[in-house]
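As given, the protein sequences belong to chains A and B, one line each in that order.
If you read the first sequence in numbering that gives the first Met the number 0, its first letter stands for residue 0, the second for the next number, and so on.
If you read the second sequence in numbering that gives the first Met the number 0, its first letter stands for residue 0, the second for the next number, and so on.
In this text, a Cβ means the ideal position worked out from N, Cα and C, and glycines have one as well.
First up is the structure itself, then whatever we jot down about it.
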Amino acid sequence: MRSILNITDLSLSELDELIATAEDMIANPKKYSEVCHGKKLATLFFEPSTRTRLSFEAAMLELGGSVLGFSEASSSSAAKGESVADTTRVVGCYADIIAMRHPKEGAPVVAARKAGVPVINAGDGGHNHPTQTLADLLTIWRKKHTFEGLTIGMCGDLKFGRTVHSLVGAMARYAGVKFVFISPEELKIPQYVITDELEPRNIPYKEVSTMEEVMPELDVLYMTRVQGERFFNEADYIRLRDTYILTPEKLATAKEDMIVMHPLPRVNEISVKVDDDPRAAYFDQVLNGKYMRAALIMKLLEVTV
Amino acid sequence: MIIGQIKDGIVLDHITAGRGMDIYKILELEKLDCTVAMIERAASHKMGRKDIIKIDKDMDIDFDVLGYIDPGITVNVIRDGEVVERRQMELPERVVGVLKCKNPRCITSVEQELTHEFKLTDRARQIYRCVYCDHIASK
Ligand SMILES: [Zn+2]
Numbered sequence: 000m001r002s003i004l005n006i007t008d009l010s011l012s013e014l015d016e017l018i019a020t021a022e023d024m025i026a027n028p029k030k031y032s033e034v035c036h037g038k039k040l041a042t043l044f045f046e047p048s049t050r051t052r053l054s055f056e057a058a059m060l061e062l063g064g065s066v067l068g069f070s071e072a073s074s075s076s077a078a079k080g081e082s083v084a085d086t087t088r089v090v091g092c093y094a095d096i097i098a099m100r101h102p103k104e105g106a107p108v109v110a111a112r113k114a115g116v117p118v119i120n121a122g123d124g125g126h127n128h129p130t131q132t133l134a135d136l137l138t139i140w141r142k143k144h145t146f147e148g149l150t151i152g153m154c155g156d157l158k159f160g161r162t163v164h165s166l167v168g169a170m171a172r173y174a175g176v177k178f179v180f181i182s183p184e185e186l187k188i189p190q191y192v193i194t195d196e197l198e199p200r201n202i203p204y205k206e207v208s209t210m211e212e213v214m215p216e217l218d219v220l221y222m223t224r225v226q227g228e229r230f231f232n233e234a235d236y237i238r239l240r241d242t243y244i245l246t247p248e249k250l251a252t253a254k255e256d257m258i259v260m261h262p263l264p265r266v267n268e269i270s271v272k273v274d275d276d277p278r279a280a281y282f283d284q285v286l287n288g289k290y291m292r293a294a295l296i297m298k299l300l301e302v303t304v
Numbered sequence: 000m001i002i003g004q005i006k007d008g009i010v011l012d013h014i015t016a017g018r019g020m021d022i023y024k025i026l027e028l029e030k031l032d033c034t035v036a037m038i039e040r041a042a043s044h045k046m047g048r049k050d051i052i053k054i055d056k057d058m059d060i061d062f063d064v065l066g067y068i069d070p071g072i073t074v075n076v077i078r079d080g081e082v083v084e085r086r087q088m089e090l091p092e093r094v095v096g097v098l099k100c101k102n103p104r105c106i107t108s109v110e111q112e113l114t115h116e117f118k119l120t121d122r123a124r125q126i127y128r129c130v131y132c133d134h135i136a137s138k
């Protein structure tokens, strides 16, 4: 019995295996429609995230399984002060697998130790969100057919963006990858990401403050939201905000086959005028997320077609 | 300066100079009813200066805690005036129930009954991280 709490809990060959399953599922959905018949997924969402919860539930339903759970702490026993350990131990008696989201970092570690069934971390505060990274990886794979040798630009809030940190950790394991970090001074990638992930593997990276200066080099442009509350004053935010909005004009110098990604929801950091550009891949990420969650559920339940 | 020989007890040698008092407090040696000698800034060939603690009684020591605080320490167990065991401390793989995670966003900050636990993630840089939130422990 195994839980997935962090993207690095999965080896590269396991990631390949999940991607292969997801691609097969996309090609042959019928083959998978009953593989989890009789199995139950519990979605324990101690904080609301409708998008992620629906993705997990849709994934399980497409595998022929059923779902149960709660979508916010106030409708669960946590509101009465029950610990994560007790809640998951109880739910582990009903469900075959748990997807859990919690506002506190490390809560899924507690759950995984007590549940008695596999636990998937569906986001623990600003810490980890491995299934978002799985969605990102499948998206890159389906567009590029490789992870090696790619130049990946990450743009916006690189300081607090857990999806960014997690994708850097995942992509840093592939040969020939380069990173370009595009952010305002206030929201630069944390030093520990560089010292823990990039420097030990001698991975080239650079830090710049505008996307225009690096656009022609990029194979992937990963956009994130720049939130106003991260800044000390409104004036700084307004001044910087436009710098980190992707428009068709800025995209003009990009490679023909570059892809634009975003973990969604977006506010205004990608102009809607970019949506119809063939390079826009952010809605593909949503669908890919469902398939990768399904592949992961199958793997942890040890079911095969 | 000569400090009396111990018959049965423990000598903590090669303590980093200046750390002796911290170790005295963490091991709660003030609670013992026997003689405890604290020697500070003794000359050492290996270290220049070192601290030494002599405890005139056999006691259980949490070697993981000691190794975490100061991995250079040598623990000598004395019986009938002879060293019967010499143990070199090293960084433990895990430190359980001693350090507190200081990350306010960590699950341990809201669930008081959880045991705080750290794992060694980088031996060369002596980095320990919270097993829950990955926050680095501060010494
Ligand atoms: Zn912690």
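Considering only beta carbons, the part of the stretch 103-122 of chain B lying closer than 8 angstroms to chain A consists of R104, C105, I106, T107, S108, V109, E110, E112 and L113, in chain order. Going by DSSP, T242 of chain A is part of no beta strand (DSSP E) at all; its letter is neither H nor E. In this chain, the alpha helix (DSSP H) harbouring L286 of chain A covers Y281 to L300. Contact between D12 of chain B and I51 of chain B is confirmed by a C-beta separation of about 5 angstroms, below the 8 angstroms threshold. If you check the C-beta of H13 of chain B against ligand 1, you find no heavy atom less than 7 angstroms away.
Of all residues in the stretch 78-106 of chain A, those with a C-beta nearer than 9 angstroms to a C-beta of chain B are S82, V83, A84, H101, P102, K103, E104, G105 and A106, reading in chain order. If you check each beta-carbon in the stretch 155-166 of chain A against every beta-carbon of chain B, none falls closer than 8 angstroms.
Distance check between V34 of chain A and each of A:L62, A:A26, A:D23 and A:L40 places A:L62 closest, using alpha-carbon atoms only.
Distances taken from the Cβ of Y131 of chain B to the heavy atoms of ligand 1 include one shorter than 7 angstroms. Separation of K30 of chain B and G71 of chain B (C-alpha to C-alpha, rounded to the nearest whole angstrom) is 25 angstroms. Linking D7 of chain B to V74 of chain B through their CA atoms gives a straight-line distance of about 13 angstroms. In the three-state reduction of the DSSP assignment, F55 of chain A falls in the helix class. G96 of chain B sits in coil when the DSSP states are folded into three classes, being neither helix nor strand. Looking at the backbone, the Cα of V94 of chain B and that of L65 of chain B are separated by about 10 angstroms.
Each of A:L14, A:K289 and A:M297 was checked against the Cα of T145 of chain A, and the nearest Cα belongs to A:L14. Residue environment for L220 of chain A: buried (at least 16 other C-beta atoms within 10 angstroms of its C-beta). Put simply, of A:N27, A:F55 and A:E147 the residue whose alpha carbon is nearest the alpha carbon of L295 of chain A is A:F55.
About 14 angstroms separates the beta carbons of V213 of chain A and G155 of chain A, which is beyond the 8 angstroms limit, so they are not a contact pair. At least one heavy atom of ligand 1 is found less than 7 angstroms from the C-beta of C100 of chain B. The beta carbon of T42 of chain A is closer than 7 angstroms to those of R52, F55, E56, V66, G68 and A98 in its chain, skipping five residues each way along the sequence.
Y131 of chain B has a beta carbon lying within less than 8 angstroms of a beta carbon in chain A.
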